[in-house]
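In our numbering, each number is its position in the sequence shown, counted from 1, plus 42. Below is one structure; the comments refer to it alone.
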Amino acid sequence: MMVPASKGQWFVIMSLPIASTHTGQYPAQNPWILPDRAFTVLYGCPEMPRLSHYFLPRILLNQGRVLYLDGANQISPLLIARFARQRGLDPSAFNTLIRVSRAFTCFQLTELIRRVPKVLGAFAADVLIITALPDLFFDEDVRDPEARASFEHALEGLQEIATLPISIAVFSDATSFKTKRRDFFQKLCKQAGQVLKVEARPDSELSFTCEKTAPLLSQ
Numbered sequence: 043m044m045v046p047a048s049k050g051q052w053f054v055i056m057s058l059p060i061a062s063t064h065t066g067q068y069p070a071q072n073p074w075i076l077p078d079r080a081f082t083v084l085y086g087c088p089e090m091p092r093l094s095h096y097f098l099p100r101i102l103l104n105q106g107r108v109l110y111l112d113g114a115n116q117i118s119p120l121l122i123a124r125f126a127r128q129r130g131l132d133p134s135a136f137n138t139l140i141r142v143s144r145a146f147t148c149f150q151l152t153e154l155i156r157r158v159p160k161v162l163g164a165f166a167a168d169v170l171i172i173t174a175l176p177d178l179f180f181d182e183d184v185r186d187p188e189a190r191a192s193f194e195h196a197l198e199g200l201q202e203i204a205t206l207p208i209s210i211a212v213f214s215d216a217t218s219f220k221t222k223r224r225d226f227f228q229k230l231c232k233q234a235g236q237v238l239k240v241e242a243r244p245d246s247e248l249s250f251t252c253e254k255t256a257p258l259l260s261q
């Protein structure tokens with residue numbers, strides 16, 4: 043159901059549980075469809091890393107390729123295989139279309155982001171998904187100056203990627219952290235073209251509120 047919001051925003055109530063794999067046709071503004079060649083940040087729900095999985099079937103069924111940088115270390119090959127079997131496909135049909143790189147520290151995630159343009163030369167992805175950005179940079183074992191420097195390098199990498207013919211989707215749980223580095227998330231959203239707040243509602247429904255929207259990335 044589409045519900046009007048303030049100017050430049052829209053609000054959607056999806057009668058769709060987090061565990062759902064529905065991939066039917068949606069309106070153009072449906073938040074389950076990542077826009078082409080745009081930089082989108084999705085946040086607000088603790089289930090964000092898992093939620094990222096449910097954007098994959100539509101992309102993969104259309105033979106789209108996904109480069110997945112897993113800072114949350116929660117990507118589930120079993121769940122992706124289940125998506126394939128539910129559609130009468132062998133899991134290998136999806137596996138060949140997605141490449142996963144895991145990061146366990148903020149420095150590793152920054153390095154993965156900076157390497158994306160080079161990786162795209164060998165694996166021509168249509169969508170880049172990143173989880174736990176900037177969540178990984180909140181690690182208290184990392185000194186503040188080093189965390190900030192690494193995060194700025196990550197933003198520079200994203201800025202470069204945004205000039206390429208690829209959609210970028212960042213899934214973050216940053217707002218659940220109590221940290222003096224919360225400005226990292228604000229900087230990320232400032233750079234993004236679209237920001238969606240995702241909240242769990244009764245009966246496992248999800249609400250998507252578009253807090254920021256901008257034209258697609260330049261062609």
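Ideal Cβ placement from N, Cα and C applies to all residues, glycine included. Here the structure is a predicted model, which is why all the values come from computation and not from measurement.
>> At a threshold of 7 angstroms, does H195 count as lining the ligand SAH (C-beta to nearest heavy atom)?
In response: Ligands are entirely absent from the displayed structure, and the ligand SAH is therefore not among its contents.
>> According to DSSP, simplified to helix, strand and coil, what is T152?
In response: Here residue 152 is taken as the residue at index 110 of the sequence shown, counted from 1. Three-state result, T152: helix.
> What separation, rounded to the nearest whole angstrom, lies between the Cα atoms of D132 and A123?
Replying inline: Mapped onto the sequence shown, residue 132 falls at position 90. Mapped onto the sequence shown, residue 123 falls at position 81. Using only the alpha carbons, I get a separation of about 8 angstroms.
> Taking the C-alpha atoms as reference points, what is the distance between D186 and F165?
Replying inline: Here the question's residue 186 lines up with position 144 in the sequence shown. Here the question's residue 165 lines up with position 123 in the sequence shown. Looking at the backbone, the Cα of D186 and that of F165 are separated by about 34 angstroms.
> For L175 versus S118, is the C-beta spacing smaller than 8 angstroms?
Replying inline: To locate residue 175, count along the sequence shown from 1; it is residue 133. To locate residue 118, count along the sequence shown from 1; it is residue 76. For the pair L175 and S118, the CB atoms are not nearer than the 8 angstroms cut-off.
>> According to DSSP, is S218 part of a helix, a strand, or is it coil?
In response: Walking along the sequence shown from the start, residue 218 turns up at place 176. Residue state, collapsed to three classes: helix.
> When the Cα atoms are used, what is the spatial distance from G66 to V184?
Replying inline: Numbered from its first residue, the sequence shown carries residue 66 at position 24. Numbered from its first residue, the sequence shown carries residue 184 at position 142. With a pLDDT of 31 at G66, under the threshold of 50, the modelled position of this residue cannot be trusted, and the question is left open.
> Counting Cβ pairs, one atom from each stretch, are 3 or more of them under 8 angstroms apart for the stretch 156 to 172 and the stretch 94 to 112?
Replying inline: Touching, yes.
>> Give me, in chain order, the residues of the same chain whose beta-carbon lies closer than 7 angstroms to that of A135; leave out the 5 immediate sequence neighbours on both sides.
In response: Counting from 1 along the sequence shown, the entry for residue 135 is found at position 93. Closer than 7 angstroms at the Cβ level, and outside the excluded window around A135, lie A126.
>> Looking only at its chain, what residues have a beta carbon closer than 6 angstroms to the beta carbon of F81, apart from the 5 residues adjacent to it on each side?
In response: One-based indexing of the sequence shown puts residue 81 at position 39. Correct list, in chain order: A204, I210, A234 and G235.
>> Taking its Cβ as the centre, do 16 or more other Cβ atoms sit within 10 Å of A114, making it buried, or is it exposed?
In response: Taking the sequence shown and counting its residues from 1, one reaches residue 114 at position 72. It is buried - the Cβ of A114 has at least 16 other Cβ atoms within 10 Å.
>> Helix, strand or coil for F81? Go by DSSP, reduced to three states.
In response: If you number the sequence shown from 1, residue 81 lands on position 39. F81 falls in the strand class under three-state DSSP.
>> What would DSSP say about S94, mapped onto helix, strand or coil?
In response: Start at 1 with the first residue of the sequence shown, and residue 94 comes out as number 52. Assignment of S94 by DSSP, reduced to helix, strand and coil, places it in the helix class.
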